[in-house]
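Following: one structure in structure tokens, then a few remarks.
Given below as structure tokens:
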């Protein structure tokens, strides 16, 4: 780790000012920043420790939905009774992330800003070329070991997968991030790489995520997060799906549907084509399996990750059928 | 030249005044400066759980925590779980009885994690124990015995 | 399973003493070193803090082939706290050391830091600074210019038949090719295993301190005397001038048995600086610079009758090694041992690729060999429609099929029976895809495993102290296998003392000598040595009691005395009873001691003592003598495969094993389970992913190289079916540590086939292969 100076701002405003200075980086849970600093990917000159700021860790769940302070710990949100009741997919996404220790450290705001696990991105000395780290330098992953790279939302500049679980559930249920002066839908806040993989979010200099809000919905109440991976625990998703269903009064016909995918795309991937294909239809296995294939529209495989194109629709289908109590 | 800061850590109930660079992790501060070697360095990148300690009673990884970050908080390490010469903590005793370790290197982290696992209410079934103890890798392969030890200790605590 | 149940279940493999309570050999006492380990009070080698220690961090090459054109050090040297930067330009040349077999080096010199690069991760520089943080930072300030050359990234880069023949691996009997060609049933398949890593949780590294021409090393180390010999040869100092201290080892699995370049560089730095130097490898450096298990490829052709009787096995294999050094992962060892076959041919090639030299990972040879033959025999069973257990019994080898010598003991049939019974094998439906539970296809698989008995001589010192306690010392080590415990039990038994009256000192090369802790030999070697020494000391005690002028027993005119429960007594009921401590006080001694070795027992000339402890050249093969000596096991595995996702989970495991007599059944069971768990990782998760363009390992960390977590492991039942084997060791035990992993991967692959109808012949069995 490079040497840095350490500051503890007393207020969010003070933190914003400090974070706007060049070379400054925010430290909340530390699980991303310190990891990347050790890899040589992050080299802050000043670390702004916001973990002691008061009043930013609350979790409120009411009729309108949930408001989660950016410094709330992943574990606290996962175990929150209101979240478990109103947004089961959010709780499930959280407890299946990382490990219990990391979830006690990592904050909700920081989790949404976590960086890709692309092995080429994480190895600056071995692979200087990385458009995320060094715009215009090229992508070392193309043609390399690509088992965990994205099949959706990639570009010739970058094929790095967004590793998040929580963000997938939040995108499914239209969560928003409050950045102080403005509020942005999370789906818009997290960017696909295009020609600028170095731009991962819509966060502007001096902005700090203060709150994450999730509107209440019937679909969110009846939701699940299904994560598939080779190792049973403590691994990033090979493919995952956050789904939620609202039925018509008949209990069979789909009124509202939410589908988002993780582990397969450069950002949490909302599959509106799957949602649209099933809305108004009766939930039944064949229709669900057929519609789930739409999630992979536009998917492009690399040498080692074609399995994701097979796997992801099956994860979506299982999640939907499970949520509809048909699996 | 060097950019050292003065901090006071509260470790195992004792204030410890330290002068260190801000980039020093809690893990290195415990081991290199305070001589508390019970907290182990396994991967130094948040992937093995050997460095698990408690901050304000919750299990965290000391390798991804700056020492400066925890000033003002309570740090508990394996050395603080039961004092030398005193009776072992029920989780420690259960690990010994169930032969829940071999080489012993991941063991302090496993034990600190297990204490939290029980305290958090995540020791309700063997399946839950396995999931909530999965942040602590054990290469000797003591997992089934770790589950037995956590189960035994959870029953003893309740 | 409770500890009490474990005692009952495993105790039956030992002699009658195993069921007794107390500290005797064969009792399931808790781990002797356990109290320290649960309190964080066990101090591992790298936790030693010599005064004025400097911290060093290595810099690995990022290219796999070519050369370092230049390393600019000015910025690093100017960085705060930096004491020295070592590069190929200023690092001294050492003397080359002989290898672990004792073969002299091919070249006289050794340069641990060179500009010529043969693998990614090869060390090219060392930064030494006042603090770890400063040294780490300065490694990023080096200006390194490479000339990259084309690299060979792995076995797949080399055409079939490439490399060179490893002649000593060849096994031939009968006419295997002809017998295969004419066999009514033929199967022929290729099996592959990737590069794998040992990955104990404690990192490799060392603290080196020089005083004149004396070198002290604190290092996690499976072989103090072997590594001390290497240091002494590198630096041209007498063997006795090197002291290695390694009180506890945080797991080894083969990765801490030999010196590596980091050892030479670290000790060199301490010498140049005139200060103690601490050098711990980072986790990624452990992946790239400590040789793991070589990637392997095997082709097995089996010819058989329609009734499943083997007629021929034709086996060819290839394993990778490094560009400059040769490691052979013996692929035919189980192929040529497990089943009775009238014809066999086994050949192995070794292929040079740009990797660090591979090394020993738990059961080198036996493990991949068993994956091949135990998969192939299973394929044969399905081919002819026979139960996979039945085909193994039908071809049961009643003697060693290669040497034709009788087995010393082989309780493999008993292992199959006990395992099948506990597992419920008879309820298995034979057809693939015939058992399911919802989305899960259920499969049951079986495979056998074996590991040879490796014998060696050991040495121990036992002291009997005036306070009535016993102290045992040896330079053998404990890396979790239970050395402290079984050594303490052995001494306690001889003197009839409780364990808390026994002290054990291990892990210091200044203590009486021991060979490598590897090859599952430690317990057999050291209980033999300690038992012999303790008995000699007991006899010395009795002799003193009978003859010493101040002895209260002298007047008895007895021929012998009884030593039990820490007391000396006359065999006559009304005779004197006196504690050992009181007796020593009575005769005016503070202690008596004895040191013995077991050279005679295994037929080594004591003049070869040095070679015995510092190389493995003296170790007799398992077939030396009149018998063929091996441990055996049978694994029964249930998997659940999600039919949509291809994810495999092991849901049940039952293993029955024959390790002869168990000195501590509880600890032996733990070790067998540990082997099974590492085998589950090997079968389902572990794979070094290499970028073929740069021959560079892409998952050199514990988040991307997956080893099992707690959630991956079900309850595991292990059953001991061993009987004491007097040919294997003085006290009747065979090997434990490596046996458990052998056969696990094929049992899982066989279960996956039973579940899914898909035969996966390249490990690991990840979901993409089944989807």
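Residue numbers (my numbering), protein chains in the order written: chain A, 57 to 383; chain B, 1201 to 1358; chain C, 34 to 804. Here a beta-carbon is modelled for each residue, glycine too, at the ideal position from N, C-alpha and C.
May I have the straight-line CA-CA distance separating residue 209(A) from residue 371(A), to the nearest angstrom? Going from the Cα of residue 209(A) to the Cα of residue 371(A) covers about 19 Å.
In chain order, each alpha helix (DSSP H) run of at least 4 residues that lies wholly inside the segment 1216-1303 of chain B: Counting only runs of 4 or more, we get 1278-1281 and 1290-1297.
I need the DSSP call for residue 274(C), collapsed to helix, strand or coil. The three-state reading of DSSP puts residue 274(C) in helix, counting H, G and I together.
Is residue 261(A) helix, strand or coil when you go by DSSP? Collapsing the DSSP output to three states places residue 261(A) in coil.
Beta-carbon contacts of residue 341(C) that lie in its chain and below 6 Å, excluding the five residues immediately before and after: Answer for residue 341(C): 417, 419, 424 and 427, listed in chain order.
For residue 88(C), name the three-state secondary structure that DSSP assigns. Strand.
Helix, strand or coil at residue 2(C) [DSSP, three-state]: Past the edges of chain C, shown from 34 to 804, lies residue 2(C), and the structure says nothing about it.
To the nearest angstrom, how far is the alpha carbon of residue 86(C) from that of residue 385(C)? In a straight line, the C-alpha of residue 86(C) is about 39 Å away from that of residue 385(C).
Reference residue 1351(B), options 1339(B), 1321(B), 1338(B) and 1337(B), closest by Cα: The shortest C-alpha separation from residue 1351(B) is found at 1321(B).
Which residues of chain C have a Cβ atom closer than 7 Å to the Cβ of residue 101(A), listed in chain order? Under a criterion of Cβ atoms nearer than 7 Å, no residue of chain C is adjacent to residue 101(A); the nearest Cβ is some 13 Å distant.
For residue 102(A) versus residue 61(A), is the C-beta spacing smaller than 8 Å? Cβ atoms of residue 102(A) and residue 61(A): closer than 8 Å.
Residue 46(C) (DSSP reduced to helix, strand or coil): Unreliable placement is indicated for residue 46(C), whose pLDDT of 37 sits below 50; the coordinate value is still reported in the next sentence. The three-state secondary structure of residue 46(C), taken from DSSP, is coil.
Beta-carbon separation (whole angstroms), residue 322(A) vs residue 216(A), contact threshold 8 Å: Right, the Cβ-Cβ distance comes to about 6 Å (below 8 Å), so this counts as a contact.
Could you check whether residue 67(C) and residue 1296(B) sit closer than 8 Å to each other, using their CB atoms as the reference points? In this structure, residue 67(C) lies closer than 8 Å to residue 1296(B) by Cβ.
Counted within 10 angstroms of its Cβ, other Cβ atoms place residue 261(C) as buried (16 or more) or exposed: Buried.
Reduced DSSP secondary structure (H/G/I, E/B, other) of residue 564(C): In the structure shown, residue 564(C) sits in a helix (DSSP, three-state: H, G or I).
Using 8 Å as the limit for Cβ to Cβ distance, is residue 54(C) near chain B? Residue placement at residue 54(C) is poorly supported in this model, since its pLDDT is 41, which falls under 50; the coordinates still yield a value, given next. When Cβ-Cβ separations below 8 Å define contact, residue 54(C) makes no contact with chain B.
Of all Cβ atoms in chain C, is any one closer than 8 Å to the Cβ of residue 1265(B)? Not one beta carbon of chain C lies nearer than 8 Å to the beta carbon of residue 1265(B).
Among the residues of its own chain, which have a CB less than 6 Å from the CB of residue 378(C), if the five just before and after it don't count? Its chain contains 205, 209 and 347 as the residues whose beta carbon lies nearer than 6 Å to that of residue 378(C), once the 5 sequence neighbours on both sides are disregarded; these appear in chain order.
Just how far apart, CA to CA, sit residue 128(C) and residue 144(C)? Rounded to whole angstroms, residue 128(C) to residue 144(C) spans 8 Å at the Cα level.
Nearest to residue 636(C) by CA position, among 648(C), 621(C) and 652(C), is which residue? If we check each option's Cα against that of residue 636(C), 652(C) comes out closest.
With a threshold of 8 Å between beta-carbons, can residue 157(A) be considered close to chain C, or not? Taking Cβ atoms only, chain C never reaches closer than 8 Å to residue 157(A), which makes this a no.
Mark residue 112(A) as exposed unless 16 or more other C-beta atoms lie within 10 angstroms of its C-beta, in which case mark it buried. By the 10 Å Cβ count, residue 112(A) comes out buried.
Between the alpha carbons of residue 228(C) and residue 723(C), how many angstroms are there, rounded? In a straight line, the C-alpha of residue 228(C) is about 9 Å away from that of residue 723(C).
Mind pulling the beta strand (DSSP E) runs of 3 or more residues that sit fully within the segment 228-281 of chain C? Runs of the beta strand (DSSP E) inside the segment 228-281 of chain C: 238-244, 247-251 and 275-278.
Let me know the secondary structure DSSP gives residue 1345(B) once reduced to three states. Here residue 1345(B) carries a helix assignment [DSSP, helix/strand/coil].
To the nearest angstrom, how far is the alpha carbon of residue 170(A) from that of residue 662(C)? C-alpha separation (whole angstroms): 55 Å.
In or out: residue 326(A) buried (at least 16 other Cβ within 10 Å) or exposed? Classification for residue 326(A): buried.
How about residue 775(C) and residue 482(C): are their beta carbons less than 8 Å apart? With respect to the 8 Å criterion, residue 775(C) and residue 482(C) are classified as neighbours on the basis of their beta carbons.
Mind listing which residues of the segment 91-122 of chain A have their C-beta closer than 9 Å to chain B's C-betas, in chain order? Within the segment 91-122 of chain A, the qualifying residues are 91, 93, 94, 95, 103, 105, 107 and 108.
Residue 599(C) and residue 620(C) - do their beta-carbons sit closer together than 8 Å? In this structure, residue 599(C) does not lie closer than 8 Å to residue 620(C) by Cβ.
So with Cβ pairs under 8 Å, would you call residue 320(C) a contact of chain A? Interface criterion not met: the Cβ of residue 320(C) is under 8 Å from no Cβ in chain A.
List, in order along the chain, the chain A residues whose C-beta lies closer than 7 Å to that of residue 729(C)? Correct list: 182.
Closest residue to residue 123(C) among 158(C), 102(C), 137(C) and 739(C) (Cα-Cα distance): Ranking 158(C), 102(C), 137(C) and 739(C) by Cα distance to residue 123(C) puts 158(C) first.
Partners in chain B for residue 282(C), counting only beta-carbon separations shorter than 9 Å: Result: 1303 and 1305.
List the endpoints of the continuous alpha helix (DSSP H) containing residue 220(C). Residue 220(C): not part of any alpha helix (DSSP H); member of the beta strand (DSSP E) spanning 218-226, first to last residue.
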